[in-house]
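The block underneath contains the structure these notes are about, expressed in structure tokens.
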Amino acid sequence: MGEDRQDISDRNVRDLWTRGKFWEIFGFSSGDFTTLELAKQYSALTKAYQDDPEVRKIIDETFAVLNAPLTRQFYEGCRELMRRIRRESGGTISRDIEHGIWRSLWNWVSERWQEPPEELINSIKNRYLLPEGTDVIEIPQTWSDEGLKPADLDSILDSTRAAKAFAKETKCQSCGKFDHTLRIVTFPYVISIIIVAFKRFSEAGIFCYECRRAKSLKWGIISLLFGWWSIWGFFWNISALVDNYRGGKILSEYNDPFVAQLAWAHMILGKIAEAKACLAKPLKCEFSKEASQLKKELDTRYAQISPAKIGKFRLGYLTIVFAVLGAYTIGGMALFGWTPSPQIYTLTTNVIPSGAGWVSTSGGEYESGAQVVLIANAASGYIFDHWSGSASGTTSSILITMNLDRSVTANFKAIQTTLGVLFSDDFSDEAGVWDTYSDEYGSVFYEDGWLHLTNNNPAQFITGTWANQHFTDFTLELETKLVGGTDNNWHMVICRYQDSDNFYSFRTSGDGYYSMSKMVNGNWIALASVAYSSYINRGVEAVNLIHIECIDSNLSLSVNGHLLWEGVDATFADGDVVLATEALAGTFTEVAFDNIVVSEP
Ligand SMILES: [Zn+2]
Numbered sequence: 322m323g324e325d326r327q328d329i330s331d332r333n334v335r336d337l338w339t340r341g342k343f344w345e346i347f348g349f350s351s352g353d354f355t356t357l358e359l360a361k362q363y364s365a366l367t368k369a370y371q372d373d374p375e376v377r378k379i380i381d382e383t384f385a386v387l388n389a390p391l392t393r394q395f396y397e398g399c400r401e402l403m404r405r406i407r408r409e410s411g412g413t414i415s416r417d418i419e420h421g422i423w424r425s426l427w428n429w430v431s432e433r434w435q436e437p438p439e440e441l442i443n444s445i446k447n448r449y450l451l452p453e454g455t456d457v458i459e460i461p462q463t464w465s466d467e468g469l470k471p472a473d474l475d476s477i478l479d480s481t482r483a484a485k486a487f488a489k490e491t492k493c494q495s496c497g498k499f500d501h502t503l504r505i506v507t508f509p510y511v512i513s514i515i516i517v518a519f520k521r522f523s524e525a526g527i528f529c530y531e532c533r534r535a536k537s538l539k540w541g542i543i544s545l546l547f548g549w550w551s552i553w554g555f556f557w558n559i560s561a562l563v564d565n566y567r568g569g570k571i572l573s574e575y576n577d578p579f580v581a582q583l584a585w586a587h588m589i590l591g592k593i594a595e596a597k598a599c600l601a602k603p604l605k606c607e608f609s610k611e612a613s614q615l616k617k618e619l620d621t622r623y624a625q626i627s628p629a630k631i632g633k634f635r636l637g638y639l640t641i642v643f644a645v646l647g648a649y650t651i652g653g654m655a656l657f658g659w660t661p662s663p664q665i666y667t668l669t670t671n672v673i674p675s676g677a678g679w680v681s682t683s684g685g686e687y688e689s690g691a692q693v694v695l696i697a698n699a700a701s702g703y704i705f706d707h708w709s710g711s712a713s714g715t716t717s718s719i720l721i722t723m724n725l726d727r728s729v730t731a732n733f734k735a736i737q738t739t740l741g742v743l744f745s746d747d748f749s750d751e752a753g754v755w756d757t758y759s760d761e762y763g764s765v766f767y768e769d770g771w772l773h774l775t776n777n778n779p780a781q782f783i784t785g786t787w788a789n790q791h792f793t794d795f796t797l798e799l800e801t802k803l804v805g806g807t808d809n810n811w812h813m814v815i816c817r818y819q820d821s822d823n824f825y826s827f828r829t830s831g832d833g834y835y836s837m838s839k840m841v842n843g844n845w846i847a848l849a850s851v852a853y854s855s856y857i858n859r860g861v862e863a864v865n866l867i868h869i870e871c872i873d874s875n876l877s878l879s880v881n882g883h884l885l886w887e888g889v890d891a892t893f894a895d896g897d898v899v900l901a902t903e904a905l906a907g908t909f910t911e912v913a914f915d916n917i918v919v920s921e922p
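For the sequence shown, our numbering gives the first residue as 322, with consecutive numbering after it.
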């Protein structure tokens, strides 16, 4: 390199430009050069011609052409052809002819972005080199596409067009400039004074280095002045200042794909140093693979070009001074126990019905804005139904934001299962399975969803009704109440009924007594003597929940969840269920039964 380098002062830039000798403008007459040297020459030339704007413009345009990788590639191709033509013609071409050949070649290439085919080269050569009067092939106006690769051509033209359009459309939101320093950022700032503390972000947008420098300084100074003066503000402020110190908080999600495009556009436009600057840091986005490939390619092909510099931002010393000042203030406030804290809200959680499940947290105190995940867990036998109180919805996990005191209730419901239920009746169907009748001793009838039994106090005659349901081992639950008449009576559940002379009888009374007997061959035998229990609700309309178990020879009676009697008797192993009543005093009693459920034990 350099044996045929001319001094800058000897070069006629305008002349070289019109002759298409772009490399020569920069002092290279052979292809032996590097882009770094090109850049150095560019710098020397612009200095030399700084008072001649017209030449400056030529230098800039030539540099742009040569520094664009694609242009450069084709330009080098043309140079190679030119050298060949010169060699084949014996090296005796005049400057004018060489000028003409070059222009033809370069015009063709720059119009089509395609290396000229052999046919064209010969045509050009003949046109300029054969003696006058010789027939030559005309250079076609529109060249045959045969041998061309239209797809390549299109993609080259498309990407050039796209890069130019991108450069035109993309600009600093503040000053309108397009360059490699554009980034998508926002500027955080903090204002906190004793009890007021908030962190906010200024407008987000695309800003160039100069504008980012101005804006990060502005928002940084606001934070420096107003950000320190509470505990929370202090910590927020540190992160806000770090972001402004770096020229704004980079919104990576938007910024990284943008910067990948920025790098690509700069590369296509021949601005290698700028493209490299864009790719200096790895990008995390959908284009990250392409970006790192591009970086690798640029690093290999243009090893000597270092990335363009992006200047520093200006929050340096000020930050340190104010940070120390802020730290002192907070330290002082802490010493005097003056530690304001953000608004606290209380969360309480409840479960309905009690014991049906639990919520992942029983509640607590949270800072304003805290988000809490609540998960409802059902206990065995229940499923989650819905949230109520300060929350709603039917999904078992929800997210709530603590900007108020909140009380949240998880509502569960029992799993409705028929598994294990042998028989049930809520007595709503009046055409049901129970015998209904009315005679001189009493009656059985449905009313208001209950099964009513009356007994007119005849000696030794009880009123009963059958459902023809036969059970061996079971638990039986039902509700019973006194409807009217004497409370000196029996509400009877007869189990393992063989016939009217053989059965067990579980009994409670309207005035709070219970007993347990069996009838064997027509004779009453007490298994438990008559006793009073305060667990039995007394009086008209007082409902009692009866729970009876007959499992093998183990028998028991519970009322309202309290075991009143249990014992062992093996007389009857199975039989029907009969509901019955008996008035022991007065002239009449009326009782009713509801919601009988007989289940497998
Ligand atoms: Zn700007």
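C-beta: ideal position from N, C-alpha, C; glycine also.
Asked                                                                                                                                                                                : Found
Once DSSP output is grouped into helix, strand and coil, what is the label at THR670?                                                                                                : strand
How would the residue list near ligand 1 read, in chain order, if you kept each one whose beta-carbon is closer than 6 Å to any heavy atom?                                          : CYS493, SER495, CYS496, LYS498, PHE528, CYS529, GLU531 and CYS532
Which of the three DSSP states is assigned to ILE857 in this structure?                                                                                                              : coil
Need the endpoints of the beta strand (DSSP E) that TYR566 sits in, please.                                                                                                          : That residue, TYR566, is in no beta strand (DSSP E); its alpha helix (DSSP H) goes 552-566.
Report the option in SER879, ILE736 and PHE795 whose CA atom is closest to the CA atom of THR801.                                                                                    : SER879
Which residue marks the beginning of the beta strand (DSSP E) containing ASN732, and which one marks its end?                                                                        : 727-735
My understanding is that VAL672 touches ALA731, with C-beta atoms under 8 Å, so please give their C-beta distance in whole angstroms.                                                : 5 Å
Would you please state the rounded distance, in angstroms, between the beta carbons of SER701 and MET723? I believe it to be under 8 Å.                                              : Actually they do not touch by this definition, with Cβ atoms about 31 Å apart.
Among GLY569, ASP620, ARG504 and ILE422, which one has its Cα closest to the Cα of GLN582?                                                                                           : ARG504
Mind checking TYR825: buried by the 16 CB within 10 Å criterion, or exposed?                                                                                                         : buried
Might you give, ordered along the chain, the residues of its own chain that have their beta carbon closer than 6 Å to the beta carbon of SER495, omitting 5 neighbours on each side? : PHE528 and CYS532
Please classify GLU911: does DSSP put it in a helix, a strand, or coil?                                                                                                              : strand
Considering only the beta carbon of each residue, do GLU911 and GLY806 sit closer than 7 Å?                                                                                          : yes
For a quick check, are the C-beta atoms of GLN692 and LEU720 less than 7 Å apart?                                                                                                    : yes
Bridge partners for GLY806 per DSSP, in chain order?                                                                                                                                 : THR910
Where ALA699 and THR682 are concerned, what is the direct C-alpha to C-alpha distance, given to the nearest angstrom?                                                                : 14 Å
Here's the rule I'm using: 16 or more other beta-carbon atoms within 10 Å means buried, otherwise exposed. How should PRO461 be labelled?                                            : Low confidence applies here, because PRO461 scores a pLDDT of 45, under 50, leaving its location unreliable; read the following figure in that light. Exposed, since its Cβ has fewer than 16 Cβ neighbours within 10 Å.
Spatial neighbours of PHE643 within its chain, please: CB distance less than 8 Å, with the 5 preceding and 5 following residues excluded, ordered by chain position.                 : LEU545, LEU546 and TRP549
By the three-class DSSP mapping on this structure, what secondary structure does GLN582 have?                                                                                        : helix
Is there contact between the stretch 903-919 and the stretch 838-852, where contact requires at least three CB pairs shorter than 8 Å?                                               : no
Could you give the first and the last residue of the continuous beta strand (DSSP E) run that contains ASP336?                                                                       : Not the beta strand (DSSP E): ASP336 falls in the alpha helix (DSSP H), residues 334-339.
Just the Cα atoms here: how many angstroms apart are ASN916 and ILE867?                                                                                                              : 10 Å
Taking the beta carbon of VAL680 as the centre, do at least 16 other beta carbons fall within 10 Å, making it buried, or is it exposed?                                              : buried
Measuring alpha carbon to alpha carbon, tell me which of SER728, GLU751, LEU590 and GLU345 ends up nearest PHE499.                                                                   : LEU590
From what residue to what residue does the alpha helix (DSSP H) around LYS597 run?                                                                                                   : 593-599
Beta-carbon separation of TRP423 and MET403 under 7 Å?                                                                                                                               : yes
How would you write the range of the alpha helix (DSSP H) that PHE343 sits in, first residue to last?                                                                                : 343-346
In this structure, how does DSSP classify GLU862 when only helix, strand and coil are distinguished?                                                                                 : coil
I'd like to know whether the C-beta atoms of PRO578 and LYS597 end up nearer to each other than 7 Å.                                                                                 : no
Can you give me the start and stop residues for the beta strand (DSSP E) that LEU885 sits inside?                                                                                    : 883-889
Does the contact criterion of 3 or more C-beta pairs under 8 Å hold for the stretch 886-906 versus the stretch 805-823?                                                              : yes
Apply the 10 Å Cβ neighbour rule to ASP746 and answer buried if 16 or more other Cβ atoms are within range, or exposed otherwise.                                                    : buried
Who are TRP755's beta bridge partners in DSSP?                                                                                                                                       : Paired residues: none, contrary to the question.
For GLU887, is the classification buried or exposed, using 16 other Cβ atoms within 10 angstroms of its Cβ as the cut-off for buried?                                                : exposed
Take every Cβ of the stretch 611-621, pair it with every Cβ of the stretch 508-522, and state whether three or more of those distances are shorter than 8 Å.                         : no
Identify whether ARG521 lies in helix, strand or coil by the three-state DSSP scheme.                                                                                                : strand
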